[in-house]
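Student: There's a structure below that I have some questions on.
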Amino acid sequence: MSRLAARALLAVVFWPSLFFFWFLGPFVFFLLSTTSSEVCPRLETRAEFLAAANGTLPMLVLQNLIYAVPLICLVLWSRLLPDQARTRHVITCIKLFAVAAILGALWEYGSSLVCDGYGQPFFSPAWRMTSYLPIANLAVNVPLYVLAFSLGRTFSMREDDPPAGAIRPDENAP
Numbered sequence: 059m060s061r062l063a064a065r066a067l068l069a070v071v072f073w074p075s076l077f078f079f080w081f082l083g084p085f086v087f088f089l090l091s092t093t094s095s096e097v098c099p100r101l102e103t104r105a106e107f108l109a110a111a112n113g114t115l116p117m118l119v120l121q122n123l124i125y126a127v128p129l130i131c132l133v134l135w136s137r138l139l140p141d142q143a144r145t146r147h148v149i150t151c152i153k154l155f156a157v158a159a160i161l162g163a164l165w166e167y168g169s170s171l172v173c174d175g176y177g178q179p180f181f182s183p184a185w186r187m188t189s190y191l192p193i194a195n196l197a198v199n200v201p202l203y204v205l206a207f208s209l210g211r212t213f214s215m216r217e218d219d220p221p222a223g224a225i226r227p228d229e230n231a232p
């Protein structure tokens, strides 16, 4: 398979996954991963509540694996088109993604521990502090989204196209 075909295939995977997983996915996974309001009133003991919260962990792992698809595309692109500057940016994306994944998991897991259905605090007030994590997560995700988008755009563009305004040699022929 040619490099151009491989790059095109990666672009076909990268762009939809970036849009659907990174921009729409957080809303869907947030609804699926936290303890629902219907479950909270039925939990009576700390052990039941902790078991319900721990039940969200597989969804959080799945969520982060799905979110990693655009990053995997960036890594594969950087392997196809090695460039030291782009590789550094891809590594920065991976680091930002790791921080965002940790903050997101703490927020979603922590928010599922805050509710107990009876207004009784089962867990320490530290878990209530997780309500501020979306702000920190946003501060990490904005540069991650911008960097991933710009890298995806750079990697998915053909490098053999002439620059805008360039004159082809055959255009001046009589």
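Heads up, the sequence shown is in this note's numbering, so the first residue is 59 and it goes up one at a time. For each residue, glycine too, the CB sits at the ideal point set by N, CA and C. All values reported here derive from a predicted model rather than from experimental measurement.
Within a Cβ cutoff of 8 Å, which residues of the same chain sit near P192, ignoring the five residues on either side of it in sequence?
Tutor: Only W165 meet the Cβ criterion.
Student: For A163 and L120, what's the separation of their Cα atoms in angstroms?
Tutor: Looking at the two C-alpha atoms, the distance is approximately 11 Å.
Student: Could you work out which residue in I152, F79, S189 and N195 is closest to L205 when comparing CA atoms only?
Tutor: Residue I152 is the option with its Cα nearest to L205.
Student: Where A64 and W73 are concerned, what is the direct C-alpha to C-alpha distance, given to the nearest angstrom?
Tutor: Distance between the alpha carbons of A64 and W73: 14 Å.
Student: Please state whether the Cβ-Cβ distance between S214 and A69 is less than 7 Å.
Tutor: Contact: yes.
Student: Determine the direct distance from the alpha carbon of V71 to that of R20, and round the result to whole angstroms.
Tutor: Residue 20 is absent from the model: the chain starts at 59 and stops at 232.
Student: Once DSSP output is grouped into helix, strand and coil, what is the label at A126?
Tutor: Coil, per DSSP.
Student: Express the C-alpha separation of F81 and F207 in angstroms, rounding to a whole number.
Tutor: Each residue's Cα considered, the two are about 12 Å apart.
Student: Whose C-alpha, out of L161, P201, F155 and M117, is nearest the C-alpha of I130?
Tutor: It is F155 whose Cα lies nearest to the Cα of I130.
Student: Can you tell which of Y167, L196 and G210 has the C-alpha that lies nearest to the C-alpha of F107?
Tutor: When each option's Cα is compared against that of F107, the closest is Y167.
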